[in-house]
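Participant:
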Amino acid sequence: MKKKKRLFIIAAVILAVPLLLLLSIILFAGAGRKIGKPLPKGNIEIPVCRSIHYNSTSQIQKEIIKTWSEGEVSDWVDGEKPDLKNPRTVLGCLLSGKRVEEINQYLLKQNAVGTAGSRWLLNPKGGYNFTTMALTPVLYLFDAKPELLYPATKKHLVENILTIEGSGFKRNVPGLPMEDTENHILMAESSRYLKNQWRWENGNKSPEFDNKNNGVEAGLYDYLKEVYTFGMYEFNADPYLGYSYSALLNLNAFAKGGIKEMATKILDLINWQYALNSYQFKHFPPYRRRFKKDFRKEIVSDYHSVMLMVWAGFYNDSLKIDLSRGEHMALWPSMLPYRPSDKIMEWTLNKPNPYFVKIGHGYNSCPEICSGDKSYLLSAGGANQGRRSLIMPKPTVLFLDDDAENLKEIFHMYGPGEDFMDWNNTGVYEDFACSRGTVHIPEGKLAVLTSEEWQYFSISEGIFLAVFSKKELGLMVIARGNSAEEVARAIQQNNDDKNLLKKQFKHPNGNLIEYDLDSPKDTWVIKMVNYKPVQRLFDTWPFFEGNIEEVLK
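Residues 1402 to 1954 in this note's numbering are what the sequence shown lists, from first letter to last.
1. Would you decide whether N1651 is buried or exposed? Buried here means 16 or more other CB atoms lie within 10 Å of its CB.
2. Output needed for I1427: all residues of its chain with C-beta closer than 6 Å, excluding positions within five of it in sequence on either side, in chain order.
3. Measure the CB-CB distance between F1939 and C1771 and report whether it falls below 8 Å.
4. Count the other C-beta atoms from every protein chain shown that fall within 10 angstroms of the C-beta of L1422, then say buried if there are 16 or more, exposed otherwise.
5. Taking only three categories from DSSP, how would you classify Q1786?
6. With a CB to CB cut of under 6 Å and the five nearest residues on each side skipped, what residues in its chain are close to Q1674?
7. I believe Y1704 touches G1727 by the beta-carbon criterion, under 8 Å. Please report the beta-carbon distance rounded to the nearest angstrom.
8. Mind checking which residues open and close the alpha helix (DSSP H) that includes H1705?
9. Would you mind sorting R1500 into buried or exposed? The rule is 16 or more other CB atoms within 10 Å of its CB.
10. Would you call the segment 1622 to 1631 and the segment 1676 to 1689 in contact, with 3 or more CB pairs under 8 Å?
11. Can you list the beta strand (DSSP E) stretches of 3 or more residues lying completely in the segment 1557 to 1645, in chain order?
12. Since L1540 and L1495 should fall inside the 8 Å C-beta cutoff, what is the C-beta to C-beta distance between them, to a whole number of angstroms?
13. Please list the terminal residues of the continuous beta strand (DSSP E) segment that includes G1659.
14. Tell me the DSSP secondary structure of Q1681 in three-state form.
15. Going straight from the alpha carbon of S1870 to that of D1832, what length do you get?
16. Assuming P1636 and R1689 form a contact by the criterion Cβ under 8 Å, report the distance between their Cβ atoms to the nearest whole angstrom.
17. Alpha carbon to alpha carbon, how far is N1584 from D1823? Give it in angstroms, no decimals.
18. Which same chain residues, not among the five before or five after T1490, have their C-beta less than 6 Å away from its C-beta?
19. Check this for me: beta carbons of T1533 and L1563, under 8 Å apart or not?
20. Identify the residues that DSSP records as bridge partners of M1929: which are they?
21. When we look at the beta-carbon of R1691 and count the other beta-carbons within 10 Å, is it buried (16 or more) or exposed?
22. Between A1805 and I1700, which are expected to be in contact by the criterion C-beta below 8 Å, what is the C-beta distance as a whole number of angstroms?
23. Excluding the 5 residues preceding and the 5 following W1925 in the sequence, name in chain order all residues of the same chain whose CB lies nearer than 6 Å to its CB.
24. If we count Cβ pairs, one from each stretch, closer than 8 Å, do we get three or more for the segment 1436 to 1456 versus the segment 1476 to 1492?
25. Within 10 angstroms of its Cβ, does Y1716 collect 16 or more other Cβ (buried), or is it exposed?
26. Excluding the 5 residues flanking L1737 on each side, which residues of the same chain have their C-beta closer than 8 Å to its C-beta?
27. With DSSP run on the structure shown, which of helix, strand or coil describes C1771?
28. With the cut-off set at 8 Å, would you say R1369 and I1565 are in Cβ contact?
29. Could you give the first and the last residue of the continuous beta strand (DSSP E) run that contains S1497?
30. Under the rule that 16 or more other beta-carbon atoms within 10 Å means buried, what is L1642, buried or exposed?
31. Between which two residues does the alpha helix (DSSP H) containing K1846 stretch?
32. Using the Cα positions of V1449 and E1769, report the straight-line distance between them to the nearest angstrom.
33. Tell me which same chain residues have a C-beta within less than 8 Å of the C-beta of D1743, skipping the five on either side of it?
34. Less than 8 Å between the CB atoms is what I'm expecting for S1706 and S1735, so what's the real figure, rounded?
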């Protein structure tokens, strides 16, 4: 009897371990979307008007294509992680008309070496959707150009390389009852949709390729609508936004009807976020995924900046643009037709007036908060919402009209402490930022005036930065005046009791800003403005709320 009991216990343990492992994976390891509530649009519309002229070519585009046309290609190995250098080189060569014979022969030797979806124990060859997403443009861009994509090569591409096809939209990790990551879903299912579409339009009327009736179009449309309604889950993701971006650009270029429309709406949404919270292609926002021990310190090299740099080159070919750190993500905006709306490009290149905007990112997330003008941008660093949130907060930063490329070269602050898991860097309001930490003053930046523990720096004509920096209190204040002395008098008269600076600041512009530097990490540091409470629970904030029509009015 005892032996049977022991055997029963052993069997129960053996069965329980994988179940517990599966439950742990679902609860803690997944990086798919956690649904909250749809975000309200807010009081700032996403601009969609397109009337400005973009050139059909640019020097940047030519350089990008030339770079990839000179790349090396290597044979694919079954089960190995895809190397996107290969499809990028294929595209670069065909776009430039170089090495055509070599590239066709190369493609004829390759076959699918994996499966769609995230790679893990039960999907050991996952991640092949990177390759299908990257080679889908080959099929569409060169379909009618047999001198570049040989008929035999195209047939092989369709039958043996672009293998994600058929019925049924799929959003779960293969082998698991949990949602896959946003970038994997977008890459895999855009590949499926566009492959089916090509098959159907080229005479294969098999039901499995009928997107309208096989569940693919409905599933993809609903998913894109979800992304547009709740916001990008992997917002500002490093590096995943670049892959999602490429999939969306494929859909914008090659899909039709509602799928194309919804992909375009998402692109406009995220590009408007970028336009408002960047300055001269400097961009240092909080992001979700990849979670790391530390964050990159470069302020001009993220993949979103690369996309806008390329489009800016089409708009104004004389712009000085450095793509040395992001050219591997630059091919898609270079070769596909999407262009930002008028206002997105205007605000990316030139801030027309003073403004303040809060950008919501939804449930279990953190916002972007920015205050800017023609000569500066204050950008909040955000806050982690627990390790499972996968959010990487950043310091709160001040971008100026200069050549800074690294965090150490700009004014910034963070806190409390040095561990970013403890930070709440959401303390930004109109021309004001606060933090429980000191202000970093970059080497070479000299104050034009020091008075009463405040340091004053000239930003541009009539605009000054006032810095107050103590061990657990940092303030950055943008103020306008005829001189630093005038600004200093206003600040010091309004804030003569320095002990109150730990919880409030009377701005020369008239705002009385009250804040709590020990706010919980899901709560805006700003408490009240001019004695009126503000909405502090930022996971309910709209997509865009604030004033872009000149806050000084």
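Every residue gets a Cβ at the ideal spot worked out from N, C-alpha and C, and that includes glycine.
Facilitator: Here's the rundown:
1. The count along the sequence shown starts at 1 and reaches residue 1651 at position 250. With 16 or more Cβ atoms within 10 Å of its Cβ, N1651 is classed as buried.
2. Residue numbering aside, residue 1427 sits at position 26 when the sequence shown is read from its first letter. Bear in mind that a pLDDT of 42 at I1427, under 50, signals an unreliable position, so the number given afterwards is only what the model happens to contain. Correct list, in chain order: M1579.
3. Locating residue 1939 in the sequence shown gives position 538, counting from the first residue. Locating residue 1771 in the sequence shown gives position 370, counting from the first residue. Their beta carbons are not under 8 Å apart, which means F1939 does not touch C1771 by this criterion.
4. Within the sequence shown, numbered from 1, the residue matching residue 1422 stands at position 21. Only weak support is given to the placement of L1422: the predicted model assigns it a pLDDT of 41, under 50, and the value that follows is read from those uncertain coordinates. Exposed: under 16 other Cβ atoms inside 10 Å.
5. Start at 1 with the first residue of the sequence shown, and residue 1786 comes out as number 385. Coil, per DSSP.
6. In the sequence shown, residue 1674 corresponds to position 273, counting from 1. Taken in chain order, the residues that qualify are I1760.
7. Here residue 1704 corresponds to residue number 303 of the sequence shown, with the count starting at 1. Here residue 1727 corresponds to residue number 326 of the sequence shown, with the count starting at 1. With 8 Å as the limit, Y1704 and G1727 qualify as a contact, their Cβ atoms being about 6 Å apart.
8. Translated into positions along the sequence shown, residue 1705 becomes position 304. Membership of H1705 in the alpha helix (DSSP H) is indicated by the continuous run Y1704 to Y1716.
9. Working through the sequence shown from its first residue, we reach residue 1500 at position 99. The residue in question, R1500, is buried, as its Cβ has 16 or more Cβ neighbours within 10 Å.
10. Cβ pair count under 8 Å is below three, so no.
11. none
12. By one-based count along the sequence shown, residue 1540 stands at place 139. By one-based count along the sequence shown, residue 1495 stands at place 94. In fact, because the Cβ distance is near 11 Å, the residues do not count as touching under 8 Å.
13. If you number the sequence shown from 1, residue 1659 lands on position 258. G1659 -> not in any beta strand (DSSP E); alpha helix (DSSP H) instead, spanning G1658 to L1677.
14. The residue given as residue 1681 occupies position 280 in the sequence shown. Three-state result, Q1681: coil.
15. As a first step, residue 1870 is located in the sequence shown; it is residue number 469 there, counting from the start. As a first step, residue 1832 is located in the sequence shown; it is residue number 431 there, counting from the start. The alpha-carbon atoms of S1870 and D1832 are separated by roughly 17 Å.
16. Reading the sequence shown from its first residue, position 235 is the one you call residue 1636. Reading the sequence shown from its first residue, position 288 is the one you call residue 1689. Per the sequence shown, residue 1636 should be read as Phe rather than Pro. Yes, they are in contact, since the Cβ atoms of F1636 and R1689 sit about 6 Å apart, within 8 Å.
17. Looking up residue 1823 in the sequence shown gives position 422. Looking up residue 1584 in the sequence shown gives position 183. The straight-line gap from Cα to Cα measures roughly 28 Å.
18. Residue 1490 sits at position 89 when you count from the first residue of the sequence shown. Around T1490: W1469, G1472 and V1474.
19. Counting from one through the sequence shown, the residue named residue 1533 turns up at place 132. Counting from one through the sequence shown, the residue named residue 1563 turns up at place 162. A contact, by the Cβ cut-off of 8 Å.
20. The count along the sequence shown starts at 1 and reaches residue 1929 at position 528. M1929 is bridged to E1915 and P1934.
21. The residue you call residue 1691 lines up with position 290 of the sequence shown. With a 10 Å radius around the Cβ and a threshold of 16 neighbouring Cβ atoms, R1691 comes out exposed.
22. Position 404 of the sequence shown, counted from the start, is the residue given in the question as residue 1805. Position 299 of the sequence shown, counted from the start, is the residue given in the question as residue 1700. Sure, about 7 Å apart at Cβ, within 8 Å.
23. Here residue 1925 corresponds to residue number 524 of the sequence shown, with the count starting at 1. T1827, R1937 and F1939.
24. no
25. Translated into the one-based positions of the sequence shown, residue 1716 becomes position 315. The residue in question, Y1716, is buried, as its Cβ has 16 or more Cβ neighbours within 10 Å.
26. Taking the first residue of the sequence shown as position 1, residue 1737 is located at position 336. Here the set comprises P1538, L1650, N1651, N1653 and A1654.
27. Looking up residue 1771 in the sequence shown gives position 370. Three-state DSSP puts C1771 in a strand.
28. Absent from the model: residue 1369. The displayed extent of the chain is 1402 to 1954, so no value can be given.
29. In the sequence shown, the residue the question calls residue 1497 occupies position 96. Per DSSP, S1497 belongs to no beta strand (DSSP E); it is in the alpha helix (DSSP H), K1486 to S1497.
30. Locating residue 1642 in the sequence shown gives position 241, counting from the first residue. Using a 10 angstroms sphere on the CB of L1642, the tally of other CB atoms reaches 16 or more, which defines it as buried.
31. Along the sequence shown, one-based indexing puts residue 1846 at 445. Careful: K1846 lies outside any alpha helix (DSSP H) and carries neither H nor E.
32. The sequence position of residue 1449 within the sequence shown is 48, counting from 1. The sequence position of residue 1769 within the sequence shown is 368, counting from 1. C-alpha separation (whole angstroms): 21 Å.
33. Residue 1743 sits at position 342 when you count from the first residue of the sequence shown. Within the same chain, D1743 has close Cβ partners P1448, C1450, R1451, S1452 and I1453.
34. Within the sequence shown, numbered from 1, the residue matching residue 1706 stands at position 305. Within the sequence shown, numbered from 1, the residue matching residue 1735 stands at position 334. About 15 Å separates the beta carbons of S1706 and S1735, which is beyond the 8 Å limit, so they are not a contact pair.
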